[in-house]
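Here's the structure, in structure tokens; my notes come after.
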Amino acid sequence: MIFAAIDIGSNAVRLLFSHVYEIRGKVFFEKEELIRMPVRLGEDTFLKGEISKEKADKLVSAMKGFKELMSVFNIIAYRACATSAMRDAKNGKEVIERVKREANVNIEIIDGKTEAATIFSNHAEEFLDPLKSYLYIDVGGGSVELTLISDKKTIAQKSFDVGTLRMLFGKIDNNEWDSYKQWIKKNTQGIKPLNAIGSGGNINKLYKMSGKKESKSLSYDKLKSMQDMLSSYTYEERITILGLKPDRADVIIPATKIFLTAMKYADIERVYVPQIGLSDGIIHLLYEEYKKKN
2 MIFAAIDIGS
12 NAVRLLFSHV
22 YEIRGKVFFE
32 KEELIRMPVR
42 LGEDTFLKGE
52 ISKEKADKLV
62 SAMKGFKELM
72 SVFNIIAYRA
82 CATSAMRDAK
92 NGKEVIERVK
102 REANVNIEII
112 DGKTEAATIF
122 SNHAEEFLDP
132 LKSYLYIDVG
142 GGSVELTLIS
152 DKKTIAQKSF
162 DVGTLRMLFG
172 KIDNNEWDSY
182 KQWIKKNTQG
192 IKPLNAIGSG
202 GNINKLYKMS
212 GKKESKSLSY
222 DKLKSMQDML
232 SSYTYEERIT
242 ILGLKPDRAD
252 VIIPATKIFL
262 TAMKYADIER
272 VYVPQIGLSD
282 GIIHLLYEEY
292 KKKN
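Heads up: the sequence shown is residues 2 to 295, going by the working numbering.
Here it is as structure tokens:
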């Protein structure tokens with residue numbers, strides 16, 4: 002069985018195809034293909050308050066292509082979710098109606114709480130130590146979703162408008178940034194041992210750049226040294242010397258700051274990077290819905 006997930010984020014739009022296998026009662030999820038388009042809707046939303054015709058045109062074109070690919074893959078079901086940039090855009094609903102009309106793709110704008118719950122539905126904590134607690138940190142272009150896990154249960158969950166593009170454009174409200182730090186400090190107080198689970202394109206890239214293969218994790222000190230290293234290069238050098246994509250080279254430093262801040266205020270020494278995100282969560286939910294009906 003193949004399911005498809007579309008993640009319409011503030012920085013990029015992604016289409017994930019995933020095979021789901023059932024063998025002797027056990028379910029396996031295997032990524033078949035991931036397509037990423039750097040549409041960067043947040044550039045319009047966070048600077049102008051609405052999505053421009055140019056960006057809307059790009060989104061419609063991307064969705065037309067995605068629709069054709071989903072037909073070729075003969076998928077069981079799909080779900081398309083739009084997050085922070087579309088949530089905040091004055092004309093978000095108009096853009097979604099246009100996509101439905103011209104590309105025949107249904108897009109659902111999800112709130113921060115739903116986004117956090119969908120990301121957490123990956124159940125990454127099942128592969129980790131049940132005796133430890135975890136702070137799940139998903140950093141996107143427009144927002145960060147936090148989920149505090151203890152004894153494999155969610156004990157606190159919160160979304161903040163503290164995304165990488167917002168930080169890049171100087172559009173993070175000081176009160177929101179303070180609330181982010183204080184929420185982490187308050188909700189993680191006294192919870193030991195506590196580790197982090199990181200998701201999102203930037204932490205995945207940081208993990209790959211670190212060259213680590215065994216532990217699937219990065220220490221606070223390693224992440225801090227990588228931040229210092231990245232900051233020592235200009236934007237152009239991060240592209241030409243480090244080989245980063247243009248739409249990754251500018252947001253990776255803000256992303257590192259957001260992760261390091263969370264780890265500092267939660268007194269976390271290590272972040273695990275299972276390389277999963279919203280798209281993977283959507284796939285899990287689609288499979289669960291399918292099983293209920295069949």
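Here a beta-carbon is modelled for each residue, glycine too, at the ideal position from N, C-alpha and C.
Bear in mind that the values here come from a model prediction, so they are computed numbers and not experimental data.
| Query | Result |
| --- | --- |
| Beta-carbon spacing of residue 284, residue 72 below 8 Å | no |
| Cβ contact (3+ pairs, closer than 8 Å) linking the region 170-184 and the region 109-117 | no |
| Beta carbon of residue 64 nearer than 8 Å to that of residue 21 | no |
| The region 75-88 contacting the region 35-46, beta-carbon criterion three pairs below 8 Å | yes |
| Touching by the beta-carbon criterion (3+ pairs, under 8 Å), the region 212-226 and the region 180-192 | no |
| Classification of residue 232 by the beta-carbon crowding that lies within 10 angstroms, buried from 16 upward | exposed |
| Beta-carbon gap between residue 166 and residue 143 smaller than 8 Å | yes |
| Backbone secondary structure at residue 15 - three-state DSSP | strand |
| Assumed close pair residue 198, residue 288 - CB separation to whole angstroms, cut-off 8 Å | Their Cβ separation, rounded to whole angstroms, is 21 Å, which puts residue 198 and residue 288 out of contact at 8 Å. |
| Whether residue 14 touches residue 57 by CB criterion (8 Å) | no |
| Residue span of the alpha helix (DSSP H) that contains residue 280, given as start and end | 279-294 |
| Residue 236 versus residue 158 - alpha carbon distance | 34 Å |
| Helix, strand or coil at residue 273 according to DSSP, with G and I counted as helix | strand |
| Reference residue 229; option with closest CA among 247, 254 and 246 | 254 |
| Contact under 8 Å by Cβ, residue 188 with residue 149 | yes |
| Rounded separation between residue 261 and residue 224 - CA only | 7 Å |
| Coil, strand or helix - residue 170 by DSSP | coil |
| Runs of beta strand (DSSP E) lying entirely within the region 141-210, each at least 3 residues, in chain order | 145-151, 154-161 and 195-200 |
| Through-space distance from residue 52 to residue 92, alpha-carbon basis | 7 Å |
| Residue interval of the alpha helix (DSSP H) (run including residue 35) | Where residue 35 is concerned, there is no enclosing alpha helix (DSSP H), although the beta strand (DSSP E) it sits in stretches over 27-38. |
| Check whether residue 369 and residue 61 have beta carbons under 8 Å apart | The structure shown does not extend to residue 369, since the chain spans only 2 to 295, so no value can be given for it. |
| For residue 8, three-class secondary structure by DSSP | strand |
| Cβ-based burial, residue 241 [other Cβ within 10 Å; buried from 16] | exposed |
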